[in-house]
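Per our numbering: the first sequence = residues 4 to 430. Cβ atoms here follow ideal geometry from the backbone N, Cα and C, with glycine treated the same way.
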Amino acid sequence: MLDIKLIRENPDLVRRNLERRQDPEKIRLLEEVIKYDRVWRSLTTKVNELRRRRNLISAEVARLKKEGRDTSEKIREGERVQREIKKVEAERERYARLVRNGLMRLPNLLHESVPFGRDERDNVEIRRWGEPPKFNFKPKSHLEIALDLGLIDAERAAKVAGAGFFYLRDELVLLDYAIMRFAMDFLTKRGYRLVEPPFMIKRRPYEGVTALEDFEDVLYKIEGEDLYLIATSEHPMAAMFMDEVLNKDDLPIKLVGVSPCFRKEVGTHGKYTKGLFRMHQFNKVEQFIFCLPEDSWKFHEELQRNSEEMYQALGLHYRVVNVCTGDIGTIAAKKYDIEVWMADGVYREIGSNSNCTDYQARRLNIRYREKEGQPPKGYVHTLNNTALATSRTMMAILEQYQQEDGSVIIPKVLRPYMNGLKKIEKK
RNA sequence: GCCGCGGUGCCAGAGUGGUUAUUGGGCCAGACUCGAGAUCUGGUGACCCUUUCGGGUCGCAGGGGUUCGAAUCCUCUCCGCGGCGCCA
């Protein structure tokens, strides 16, 4: 959520920033917010004046009563004012809601280093690490490899749960957990603290962490309860300190979340959906930071280094892109994607690193203070970055480490977590 | 799931229909001091109007209601604690 005061005081700055997203709907929304806010303020002044009159009348009634005099006249006047207050208040409330709805739909302000562009084709590559593996045979997709090795059962999962779900089998289950354990150890060594969050959370915190459109297209709702399955541990981690005031001394708070992720993936026609790429359920280890506003750009780069060094340790060839204004989404001020090389020669997103600045913190009301005993000073900044999503990491390992005989080598750093297993072979 | 008790400021905690949210503590500023401590004084959240000075409104878990007037009465929701039930 943007600061309404910023919008009031500097509407041109906000307008120019929103224009970079090339979405006229958002500009329209901004103009509405400005208009409704103006009405809300004038109604607020009116209500305040009426309440002041009411308070004076009540005090007068109290005084007359004490003196044992007649109060009926004043009470009738009070009734009239009270009716008027109710009326104006209802109107004011209506505009407050309009302003709030608008604010909840406006996206974050973009950092100046975000490249201008229309869609993912305009994302700017900023570096590559390693080389694509060279095969002297025709490399297979991870799906073929996994099916050949008997590592996944898609058909039975479709029967039991529907398309987009999988039974993982044998070594692939070990690999799943090995990837998580590797990421957990890697990050805890760097001072991040482990969190296994609730796997479902209520609507109010959810509205704080995500865009409203996600409720339809992404989130599974529990029937008859105010609960949604989490799409990533980012969400319960961000909401963890909702309505709290953190001490400056406690910042930054660096977390590493571990959880399954549940996503409906509505409207993904035309997108790449093969195999394990786009599942309704997968496991993920996630990095999350709460910090002071002045530190967030520094930590954005730290999160990026953490991720890249994990892929380097796994020996996976990847590239990094700076996500452009047309593709960045609602809540991030700046976003790097890491795209991993796949056997068809295409680089595909495997993780995503966002600085959300104060956007989530304002929606969730997470503030900080300079010192114990002092009032809050401002909103914290929040950042999130994938550590390793197991599904897409497994996919990359299967494709980049595949051998001519159909077997797959296990990256060295994962072997300790797989009982020393070096290779997955046909049984 | 049922019954009972509770939720008040940065913290503790009083307040059962009437101007002004009792009192401690914390924190900030000022006074005193060579300095610190102790002591004293003032301040300490949000919002609206106002260029400033200042004025006003709100805020007692959250929403709705009763009343001229609600922290206080009614109602629903959330959270915490205790008891009962169920349970890996």
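Opening and closing residue of the beta strand (DSSP E) in which residue i lies
| i | result |
| --- | --- |
| GLU289 | 284-294 |
| TYR321 | 321-325 |
| PRO135 | Premise fails: PRO135 is in no beta strand (DSSP E) and is neither H nor E. |
| TYR339 | 337-344 |
Environment of residue i [buried if 16+ CB atoms lie within 10 Å]
| i | result |
| --- | --- |
| GLY260 | buried |
| GLN377 | exposed |
| VAL17 | buried |
| LYS287 | buried |
| VAL411 | buried |
Bridge partner(s) assigned by DSSP for residue i
| i | result |
| --- | --- |
| LYS430 | None; LYS430 has no bridge partner. |
| ALA392 | LYS287 |
| VAL411 | GLN405 and ILE427 |
| LEU279 | For LEU279, which the question treats as bridged, DSSP gives no partner whatsoever. |
| GLU128 | VAL324 |
| THR333 | In the DSSP output, where bridge partners are listed per residue, THR333 has none listed. |
| TYR371 | LEU249 and GLY381 |
| ILE155 | LEU171 |
| ASN387 | PHE291 and SER357 |
Range of the contiguous alpha helix (DSSP H) that encloses residue i
| i | result |
| --- | --- |
| SER355 | Unbroken run through SER355 is the beta strand (DSSP E), 350-358; no alpha helix (DSSP H). |
| PHE302 | 299-317 |
| VAL416 | It is not in any alpha helix (DSSP H) - VAL416 carries neither H nor E in the DSSP assignment. |
| ARG56 | 27-69 |
| ARG103 | 75-108 |
| LYS8 | 7-12 |
CB contact flag (residue i, residue j, <8 Å)
| i | j | result |
| --- | --- | --- |
| TYR339 | ARG365 | no |
| PRO201 | PRO239 | yes |
| SER310 | GLY348 | no |
| ARG23 | LEU113 | yes |
| LYS257 | ILE233 | no |
| PRO414 | GLY318 | yes |
| VAL324 | GLU304 | no |
| LEU391 | SER357 | no |
| VAL36 | LEU106 | yes |
| HIS320 | PRO142 | no |
| ALA214 | LEU367 | no |
| GLY153 | HIS283 | no |
| GLY120 | THR328 | yes |
| ARG372 | LYS251 | yes |
Exercise for the section: Please list the segments of the beta strand (DSSP E) lying wholly inside the stretch 196-227, counting only runs of 3 or more residues, in order along the chain. Expected result: The qualifying runs are 196-198.
Practice task
Quick one: which unbroken alpha helix (DSSP H) runs of 4-plus residues sit fully inside the stretch 223-269? Chain order, please.
Solution key: 237-242
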